[in-house]
Amino acid sequence: MNARAINNSERGFTLIELLVVIAIIAILIALLLPAVQQAREAARRTKCKNNLKQLGLAMHNYESTFRRFPSSGQGLGSGPFGQNFDRQSFFTHVLPYIDQANISGQFDFGSYYNQTPENIAITQIAIAGYICPSAALRNGDTDSDGYGAIDYGPTIHTNISPVTGLPDSSTMVHGGLRWEGSTIKQVTDGTSNTMALGECVGRNDGMDSLYDDPVVIGSKRSHWRWAEPDNAFGVSFTPNFHRTPWGGPPSCPWVDMNCGPNDELFSFHSGGCHAMFCDGHVRFLSESMDFRVLRAAVSASQGEVVGAF
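Quick note on numbering: the numbering used here labels position 66 of the sequence shown as 1010, and the sequence is numbered without any gaps.
Shown next, in the form of structure tokens:
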């Protein structure tokens, strides 16, 4: 009896028991993994929102010093949306106000970001506050030429037709920020109702220039660099809209990222993207928001009533 008891106590798992244990573990992993992924994305989304909040504070500190918002975009052509010009981007101007005074102090504001060896070296620095942590398709935080990337941009105008909801250049109106640098008085719709910056994520490739400028087709635009003055964009579609009439390189499918010449509100957050308004607050814009509400939120002085969104 004692020998049998000893033999029974030393019996190991049978194959069936082992498979049951493995199956239970697999089920637990399957149940827990989505929750872990959701928690990680929630943290990334919060970090992205905080990035825009810090940029909102920086924008207002800049405005307190210079009595106008930072210039946003690079004017091209002679029309009302291209007659003004600035050498530097919004994100270069606000460097001293996001604890990057050391970078700003070395930058030659009298030259373009890629015009001198010193400026090139500085603008190849990746700045964490300019990067959305959910943008996973870019290799690192620099573009294909080594310049520091940017996942946000000034929303300087909208051409969404209030009638059809489609892009219509005849309906184009100014946004809260402008190429020449707007003043708070120009935002007559109210700073809490007018968008200033939006997510414009995923640009990691050179793209063919094909919009209202004289650049030769096949040359590269540089919208994804934080120092590029032309990294502002107009809003033509609701957030994360995967189609655009302007085209792009074959290596950049619209379903995966936003790298078109004119760019749009785009993020890798589920359901929409973040936007910072002229008073500094940040809201999440739904992919399903009404196009009339989006137009009203972008425009600065049209007198529209911004509904709930």
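Ideal Cβ placement from N, Cα and C applies to all residues, glycine included. All values reported here derive from a predicted model rather than from experimental measurement.
If distances are taken between C-alpha atoms only, which option among the options comes closest to residue i?
i       : options                            : result
Thr1127 : Asn995, Ala967, His1004            : His1004
Cys1217 : Gly1119, Ile960, Glu1143, Asn1103  : Glu1143
Asp1234 : Lys997, Ile1104, Cys992, Ala1072   : Ile1104
Phe1228 : Leu963, Thr958, Thr1060, Cys992    : Cys992
Gln1306 : Ala1045, Ile1047, Ser1015, Asn1046 : The question about residue 1306 has no answer, for the chain in this structure spans 945 to 1253.
Trp1168 : Ala974, Gln1068, Met1139           : Gln1068
Ser1078 : Arg984, Tyr1057, Gly1092           : Arg984
Ser1055 : Ala1219, Met1220, Pro1173          : Pro1173
Phe1034 : Gln1246, Ala1140, Thr1182, Ser1245 : Ala1140
Glu1062 : Ala1070, Ile1071, Asp1052          : Asp1052
Arg1011 : Asp1043, Gly1125, Phe1181          : Gly1125
Gly1178 : Gly1215, Thr1135, Thr1102          : Thr1102
So, helix, strand or coil for residue i, using DSSP?
i       : result
Ala1079 : coil
Arg1169 : strand
Pro1106 : coil
Arg1122 : coil
Thr1099 : strand
Phe1177 : strand
Thr1086 : strand
Trp1183 : Reading the sequence as shown, one finds Pro at residue 1183 and not Trp. Correct three-state label for Pro1183: coil.
Glu961  : helix
Glu985  : helix
Is it the case that the Cβ atoms of residue i and residue j are separated by a distance below 9 angstroms?
i       : j       : result
Ala1240 : Glu1248 : yes
Val1242 : Val1107 : no
Val1226 : Asn1137 : no
Thr1036 : Tyr1057 : yes
Pro1098 : Gly1017 : yes
Per DSSP, residue i forms a beta bridge with which residues?
i       : result
Phe1221 : Met1139
Glu1229 : Going by the sequence as given, residue 1229 is Leu instead of Glu. DSSP output for Leu1229 lists Cys1217 as bridge partner(s).
Phe1210 : Cys1144
Pro1111 : Ile1104
Ser1243 : Gly1119
Ala1093 : Arg1169
Exercise. What are the start and end residues of each continuous alpha helix (DSSP H) run of 4 or more residues lying completely inside the stretch 993-1072, in chain order?
Worked result: 1034-1037, 1045-1050, 1061-1067
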